[in-house]
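Single-structure report; data block below.
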Amino acid sequence: MTVQAKKYDESSAQLAADVVESAQQLVRLEIALAKQEVKELAVRNGIAIGALAVAGVFALLALLVALPVLLIVWIDNHTLVAIIWLALYVLIAAGLALFGRFRLQLTPPQRTIRSLKETREWALRQISSNGK
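Shown next, in the form of C-alpha coordinates:
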(Lines of atoms letter the chains of each structure in order from A; the text may use other names.)
(Lines give C-alpha, C1' and ligand atoms only; values in the text may rest on other atoms or scores of the structure.)
Protein backbone atom coordinates (compact mmCIF):
# COMPACT_ATOMS: atom_id res chain seq x y z
CA MET A 21 0.00 0.00 0.00
CA THR A 22 1.41 3.35 -0.96
CA VAL A 23 1.68 6.32 1.35
CA GLN A 24 -0.92 8.19 -0.67
CA ALA A 25 -3.42 5.30 -0.46
CA LYS A 26 -2.79 5.00 3.27
CA LYS A 27 -3.46 8.74 3.74
CA TYR A 28 -6.62 8.38 1.64
CA ASP A 29 -7.85 5.52 3.85
CA GLU A 30 -7.06 7.50 7.01
CA SER A 31 -8.81 10.61 5.72
CA SER A 32 -11.82 8.52 4.66
CA ALA A 33 -11.93 6.91 8.09
CA GLN A 34 -11.61 10.31 9.76
CA LEU A 35 -14.34 11.71 7.53
CA ALA A 36 -16.64 8.80 8.39
CA ALA A 37 -15.87 9.26 12.09
CA ASP A 38 -16.65 12.98 11.80
CA VAL A 39 -19.97 12.22 10.10
CA VAL A 40 -20.88 9.74 12.85
CA GLU A 41 -19.88 12.23 15.55
CA SER A 42 -21.90 14.99 13.89
CA ALA A 43 -24.90 12.69 13.58
CA GLN A 44 -24.63 11.78 17.27
CA GLN A 45 -24.43 15.44 18.23
CA LEU A 46 -27.49 16.19 16.08
CA VAL A 47 -29.42 13.38 17.73
CA ARG A 48 -28.53 14.76 21.18
CA LEU A 49 -29.67 18.22 20.10
CA GLU A 50 -32.89 16.80 18.61
CA ILE A 51 -33.64 15.08 21.92
CA ALA A 52 -32.99 18.30 23.83
CA LEU A 53 -35.27 20.20 21.43
CA ALA A 54 -38.02 17.62 21.84
CA LYS A 55 -37.77 17.80 25.63
CA GLN A 56 -37.96 21.59 25.58
CA GLU A 57 -40.91 21.64 23.20
CA VAL A 58 -42.83 19.04 25.22
CA LYS A 59 -42.12 21.03 28.38
CA GLU A 60 -43.47 24.24 26.79
CA LEU A 61 -46.55 22.40 25.57
CA ALA A 62 -47.15 20.87 29.00
CA VAL A 63 -46.99 24.28 30.70
CA ARG A 64 -49.33 25.82 28.14
CA ASN A 65 -51.83 22.96 28.42
CA GLY A 66 -51.55 22.99 32.21
CA ILE A 67 -52.66 26.62 32.27
CA ALA A 68 -55.52 25.85 29.86
CA ILE A 69 -56.70 22.88 31.93
CA GLY A 70 -56.52 25.02 35.07
CA ALA A 71 -58.72 27.65 33.43
CA LEU A 72 -61.23 24.98 32.44
CA ALA A 73 -61.28 23.67 36.02
CA VAL A 74 -61.84 27.16 37.42
CA ALA A 75 -64.64 27.66 34.89
CA GLY A 76 -66.30 24.51 36.17
CA VAL A 77 -65.98 25.71 39.76
CA PHE A 78 -67.54 29.07 38.88
CA ALA A 79 -70.40 27.37 37.04
CA LEU A 80 -71.09 25.17 40.05
CA LEU A 81 -70.80 28.14 42.38
CA ALA A 82 -73.31 30.06 40.24
CA LEU A 83 -75.84 27.29 40.63
CA LEU A 84 -75.19 26.85 44.34
CA VAL A 85 -75.61 30.55 45.08
CA ALA A 86 -78.26 31.58 42.58
CA LEU A 87 -80.78 28.80 43.05
CA PRO A 88 -81.32 29.30 46.80
CA VAL A 89 -81.34 33.07 46.37
CA LEU A 90 -83.95 32.81 43.62
CA LEU A 91 -86.11 30.54 45.73
CA ILE A 92 -85.90 32.71 48.85
CA VAL A 93 -86.43 36.09 47.23
CA TRP A 94 -88.62 35.13 44.29
CA ILE A 95 -91.53 37.14 45.50
CA ASP A 96 -89.70 40.37 46.39
CA ASN A 97 -87.94 42.81 44.12
CA HIS A 98 -84.63 41.12 44.86
CA THR A 99 -85.28 38.76 41.98
CA LEU A 100 -83.61 41.07 39.52
CA VAL A 101 -80.51 41.20 41.71
CA ALA A 102 -80.41 37.41 41.92
CA ILE A 103 -80.67 37.09 38.12
CA ILE A 104 -77.91 39.65 37.62
CA TRP A 105 -75.75 37.76 40.14
CA LEU A 106 -76.38 34.49 38.33
CA ALA A 107 -75.61 36.08 34.96
CA LEU A 108 -72.34 37.41 36.34
CA TYR A 109 -71.23 33.96 37.47
CA VAL A 110 -72.30 32.41 34.18
CA LEU A 111 -70.36 35.03 32.20
CA ILE A 112 -67.25 34.40 34.29
CA ALA A 113 -67.57 30.65 33.79
CA ALA A 114 -68.15 31.02 30.04
CA GLY A 115 -65.20 33.40 29.66
CA LEU A 116 -62.85 31.06 31.51
CA ALA A 117 -64.13 28.06 29.58
CA LEU A 118 -63.54 29.80 26.25
CA PHE A 119 -60.10 30.97 27.35
CA GLY A 120 -59.13 27.46 28.41
CA ARG A 121 -60.54 25.84 25.30
CA PHE A 122 -58.68 28.14 22.92
CA ARG A 123 -55.40 27.84 24.86
CA LEU A 124 -55.52 24.03 24.92
CA GLN A 125 -53.30 22.53 22.22
CA LEU A 126 -53.13 18.83 21.51
CA THR A 127 -50.72 18.86 18.59
CA PRO A 128 -47.43 17.06 17.99
CA PRO A 129 -44.22 19.07 18.48
CA GLN A 130 -43.91 20.71 15.04
CA ARG A 131 -40.42 22.19 15.44
CA THR A 132 -38.98 18.83 16.45
CA ILE A 133 -40.61 17.06 13.51
CA ARG A 134 -39.33 19.69 11.09
CA SER A 135 -35.84 19.52 12.59
CA LEU A 136 -35.81 15.71 12.40
CA LYS A 137 -36.69 15.87 8.71
CA GLU A 138 -33.87 18.35 8.11
CA THR A 139 -31.44 16.12 10.01
CA ARG A 140 -32.47 13.10 7.97
CA GLU A 141 -31.96 15.03 4.73
CA TRP A 142 -28.56 16.23 5.94
CA ALA A 143 -27.49 12.69 6.89
CA LEU A 144 -28.60 11.35 3.50
CA ARG A 145 -26.62 14.09 1.73
CA GLN A 146 -23.55 13.29 3.85
CA ILE A 147 -23.80 9.59 3.09
CA SER A 148 -24.35 10.12 -0.63
CA SER A 149 -21.50 12.65 -0.94
CA ASN A 150 -19.08 10.34 0.92
CA GLY A 151 -19.96 7.40 -1.29
CA LYS A 152 -18.89 9.18 -4.49
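The numbering of the sequence shown is the numbering used here, which starts it at 21 and goes up by one.
Ideal Cβ placement from N, Cα and C applies to all residues, glycine included.
Residue i, DSSP secondary structure in three states
{"i": "Thr127", "result": "coil"}
{"i": "Asp96", "result": "coil"}
Distance CB(residue i)-CB(residue j) smaller than 8 Å
{"i": "Thr127", "j": "Glu50", "result": "no"}
{"i": "Val74", "j": "Leu100", "result": "no"}
{"i": "Ala102", "j": "Ala79", "result": "no"}
{"i": "Phe119", "j": "Ala71", "result": "yes"}
{"i": "Ala43", "j": "Ala143", "result": "yes"}
{"i": "Pro129", "j": "Val47", "result": "no"}
Are the segment 130-146 and the segment 111-118 in contact at 8 Å, needing three or more beta carbon pairs? no
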